[in-house]
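Shown next, in structure tokens, is the structure this report addresses.
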Amino acid sequence: GCGTCHVRGAFPRLNYVGEQFQRNGLQDVGTEDGDETGKTKIGDELFLEDLGNLLGVRLNVVPVAYQTNAFQSKPGEYEDRVKIGNPDWMQLFTAGSIAKNISIFIETEFSTEGTFHNSWFRLGFHNLFGKGSGAGLANVWLGLQNPVELHAANGRLPMIPAARGEVFYVRSSNGKGDDSVSIRGGRPGASFYGRKGPIVYQLGVDSAKLNDPNVEKNGWATLRAEATGGPLEGSSVSGWYYQGSDSQAVVDTSGALVMTRYNRFRRASVAANLRVQEVDATAAYVRGEDANWMLADPSTAEATGFEGWFLQLGYPIAPRWHLSAQYDRIDSGDHPEIRFSKVSAQVSYAPRENLRVMLVPRFDLRPEDASHP
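Numbers given in the numbering used here equal positions in the sequence shown, counted from 1, plus 16.
Structure, rendered in structure tokens:
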């Protein structure tokens, strides 16, 4: 059932079993059963999964959305907007173990705007040191990476899908670079991770995108400690660091390259996730620094920074009902355009394990700026 790996009423949020299942190559926790278990034997060296076990579909529809100050009707005047019946997106998942200690995870998204892309496309090789004391110490993910995948506040599978954790989406160079990146999001690369007892670690390298014009790579490191048993099982604390560079090509009227401007950036975060008696609470602090935030000429480049917080709390008030709340904040003394302060709440009802109905109010805490929806 879905509740084996996901929090009922708050899926796609993973519980601790789901996190272990993911790290173990989509194999049952404590096993290496991805070769033959549940598969059809074709030959001595070929076992194939039932295709239905590898496929999944997820749909998201917004029946009614009401936004204040959602569009500018006249200079300096903003009006509210109501949207009805918005089929937001459909996601097709292809995931599972295709052989012992080899996993694949592909998330293909179709949006109502007509776009089609692979949000995630990753091949995994797991338990490279074998069974026994070496199990779990060495694993590799190749393909699209999420640098905070193993952070205590990773957010890739959110409790509140309508609230994404804004501090993790501040893009380097304010998104002006040819290869600007945020903290979260899929980008091509490779990572090495391991787990032993309460310790989880990861080292990774990535490019901002395929055919990245910047020859330099970005890299990150994560170190996490978690409770593997007892009343706090699944709780964790972690530290995370990321650094890299992005660039912008400057061309003349003929299209010839004049110069390339660079920005070197750093991101660091500490986070904690408390799980006790079905309470699921997460807190994260993020600090970012850019050497050339505006991608200006090197002679006029100025360093800048920002900091932010992500707080989230969830609790199932009944078998089918779940309450959650989230606070997102970004502060930057240099650049008010990235400041953010918003509270989100969510009431979820799950009539079945694979169906979830949500009411999500969000409140802006910046009343001095009426232009923000």
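A virtual CB, placed ideally from N, CA and C, is assigned to each residue, including glycine.
Exercise. Return helix, strand or coil for A386, following the three-state DSSP convention.
Key: As a working mapping, residue 386 is identified with position 370 in the sequence shown. Note that A386 has pLDDT 49, beneath the 50 cutoff, so the model's placement of it is unreliable and no number is given.
Quiz item: Leaving out five residues before and five after G171 in sequence, what residues of the same chain have Cβ atoms less than 8 Å from its Cβ?
Solution: For the purposes of this step, residue 171 is taken as residue 155 along the sequence shown, with counting starting at 1. Contacts found: V164, R180, G181, F184, R200 and F326.
Quiz item: If you follow the beta strand (DSSP E) that Y434 is part of, which residue opens it and which one closes it?
Solution: This structure cannot settle anything about residue 434, because the visible part of the chain is limited to 17 through 389.
Practice problem: Could you check what DSSP says for L290 in three-state terms: helix, strand or coil? | Solution: Looking up residue 290 in the sequence shown gives position 274. Residue state, collapsed to three classes: strand.
Practice problem: Report the rounded CA-to-CA distance for A237 versus A272, giving the unit in angstroms. | Solution: Looking up residue 237 in the sequence shown gives position 221. Looking up residue 272 in the sequence shown gives position 256. In a straight line, the C-alpha of A237 is about 38 Å away from that of A272.
Quiz prompt | 8 Å contact criterion, which R211 and R39 should meet: CB distance rounded | solution = Walking along the sequence shown from the start, residue 211 turns up at place 195. Walking along the sequence shown from the start, residue 39 turns up at place 23. Correct: roughly 6 Å between the Cβ atoms.
Practice problem: Measure the beta-carbon distance from V216 to R187 and round it to whole angstroms, keeping in mind my assumption that it falls under 8 Å. | Solution: Walking along the sequence shown from the start, residue 216 turns up at place 200. Walking along the sequence shown from the start, residue 187 turns up at place 171. Their Cβ separation, rounded to whole angstroms, is 27 Å, which puts V216 and R187 out of contact at 8 Å.
Practice problem: Leaving out five residues on either side along the sequence, give the residues of the same chain with a beta carbon under 8 Å from the beta carbon of A386. | Solution: The count along the sequence shown starts at 1 and reaches residue 386 at position 370. Since pLDDT at A386 reaches only 49, below the 50 mark, its modelled position is unreliable, and the value read off the structure follows with that caveat. Around A386: N85 and Y94.
Exercise. Please report how far the alpha carbon of P103 lies from the alpha carbon of L375, in whole angstroms.
Key: Start at 1 with the first residue of the sequence shown, and residue 103 comes out as number 87. Start at 1 with the first residue of the sequence shown, and residue 375 comes out as number 359. Answer to the nearest angstrom: the Cα atoms are 16 Å apart.
Exercise. List in chain order: all unbroken alpha helix (DSSP H) runs of 4+ residues lying wholly within the stretch 129-177.
Key: none
Practice problem: Report yes or no: do the stretch 287-299 and the stretch 260-275 share at least 3 C-beta pairs separated by less than 8 Å? | Solution: no
Quiz item: Do you know how far the Cα of A26 is from the Cα of A366?
Solution: In the sequence shown, the residue the question calls residue 366 occupies position 350. In the sequence shown, the residue the question calls residue 26 occupies position 10. Roughly 9 Å separates the two Cα atoms.
Quiz item: Are the beta-carbon atoms of R138 and G159 separated by less than 8 Å?
Solution: Along the sequence shown, one-based indexing puts residue 138 at 122. Along the sequence shown, one-based indexing puts residue 159 at 143. Yes, Cβ-Cβ distance for R138 and G159 is below 8 Å.
Quiz item: Starting from N69 and walking both ways along the alpha helix (DSSP H), at which residues does that stretch end?
Solution: One-based indexing of the sequence shown puts residue 69 at position 53. Start and end: L67 to L70.
Quiz item: Is the beta carbon of V302 sitting closer than 8 Å to the one on R280?
Solution: Within the sequence shown, numbered from 1, the residue matching residue 302 stands at position 286. Within the sequence shown, numbered from 1, the residue matching residue 280 stands at position 264. No, the pair does not count as a contact, with Cβ atoms beyond the cut-off.
Quiz item: Which one or two residues does DSSP pair with Q43 in a beta bridge?
Solution: In the sequence shown, the residue the question calls residue 43 occupies position 27. Answer by DSSP bridge pairing: none, since Q43 is not bridged.
Quiz item: Which same chain residues, not among the five before or five after V23, have their C-beta less than 6 Å away from its C-beta?
Solution: Translated into the one-based positions of the sequence shown, residue 23 becomes position 7. Here the set comprises R29 and N31.
Self-check item: Option nearest L71 by Cα separation, candidates Q107, V286 and A307
Solution: The residue given as residue 71 occupies position 55 in the sequence shown. When only C-alpha atoms are compared, the closest one is Q107.
Exercise. Assign E242 to one of two classes, buried (16 or more other C-beta atoms within 10 Å of its C-beta) or exposed (fewer than that).
Key: Mapped onto the sequence shown, residue 242 falls at position 226. The residue in question, E242, is buried, as its Cβ has 16 or more Cβ neighbours within 10 Å.
Quiz item: With a Cβ-Cβ cutoff of 8 Å, do R382 and S348 count as a contact?
Solution: Position 366 of the sequence shown holds residue 382. Position 332 of the sequence shown holds residue 348. In this structure, R382 lies away from S348, with their beta-carbon atoms at least 8 Å apart.
Quiz item: Would A361 pass as a contact of A288 if the rule is Cβ separation under 8 Å?
Solution: Taking the sequence shown and counting its residues from 1, the one referred to as residue 361 is at position 345. Taking the sequence shown and counting its residues from 1, the one referred to as residue 288 is at position 272. Cβ atoms of A361 and A288: not closer than 8 Å.
Practice problem: Decide if P314 is buried, meaning its Cβ has at least 16 other Cβ atoms within 10 Å, or exposed. | Solution: Residue 314 sits at position 298 when you count from the first residue of the sequence shown. Exposed.
Quiz prompt | L144 to G130 span [Cα, whole Å] | solution = Residue mapping note: residue 144 aligns to position 128 of the sequence shown, counting from 1. Residue mapping note: residue 130 aligns to position 114 of the sequence shown, counting from 1. Each residue's Cα considered, the two are about 41 Å apart.
Quiz prompt | Simplified DSSP assignment, three categories, for I199 | solution = On the sequence shown, position 183 is the one that residue 199 refers to. DSSP places I199 in coil when its eight states are reduced to three.
Quiz item: Are Y82 and D66 touching if we call contact CB-CB under 8 Å?
Solution: The residue you call residue 82 lines up with position 66 of the sequence shown. The residue you call residue 66 lines up with position 50 of the sequence shown. Cβ atoms of Y82 and D66: not closer than 8 Å.
Exercise. Mind checking which residues open and close the beta strand (DSSP E) that includes G321?
Key: One-based indexing of the sequence shown puts residue 321 at position 305. Note, G321: beta strand (DSSP E), T320 to A334.
Exercise. State the DSSP-derived secondary structure class of N76, mapped to helix, strand or coil.
Key: Indexing the sequence shown from 1 puts residue 76 at position 60. Three-state result, N76: strand.
Quiz item: With distances taken from CA atoms, which of P174, N117 and G152 is nearest G209?
Solution: Position 193 of the sequence shown, counted from the first residue, corresponds to residue 209. Here residue 209 turns out to be Tyr, not Gly, going by the sequence shown. For Y209, the nearest C-alpha among the options comes from G152.
Quiz item: Looking only at DSSP bridge pairs, what is V274 linked to?
Solution: Within the sequence shown, the letter at position 258 stands for residue 274. None; V274 has no bridge partner.
Practice problem: Would you kindly report the start and end of the unbroken beta strand (DSSP E) that includes K57? | Solution: For the purposes of this step, residue 57 is identified with residue 41 of the sequence shown, where counting begins at 1. Its beta strand (DSSP E) spans residues K55 to G59.
Quiz prompt | Euclidean distance between Cα positions of R44 and E369 | solution = Numbered from its first residue, the sequence shown carries residue 44 at position 28. Numbered from its first residue, the sequence shown carries residue 369 at position 353. Looking at the sequence shown, residue 44 is not Arg but Asp. In a straight line, the C-alpha of D44 is about 20 Å away from that of E369.
Quiz item: Between which two residues does the beta strand (DSSP E) carrying T20 extend?
Solution: Within the sequence shown, residue 20 is the residue found at index 4, counting from 1. Where T20 is concerned, there is no enclosing beta strand (DSSP E), given that its DSSP letter is neither H nor E.
Practice problem: Please name the residue, chosen from A224, S127, R355 and R291, that lies closest to V33 on a Cα-to-Cα basis. | Solution: In the sequence shown, counting from the first residue as 1, residue 33 sits at position 17. Nearest of A224, S127, R355 and R291 to V33, Cα basis: R291.
Self-check item: Spatially closest choice to L248 from P214, M275 and V266, by CA coordinates
Solution: Translated into positions along the sequence shown, residue 248 becomes position 232. For L248, the closest of P214, M275 and V266 by C-alpha to C-alpha distance is P214.
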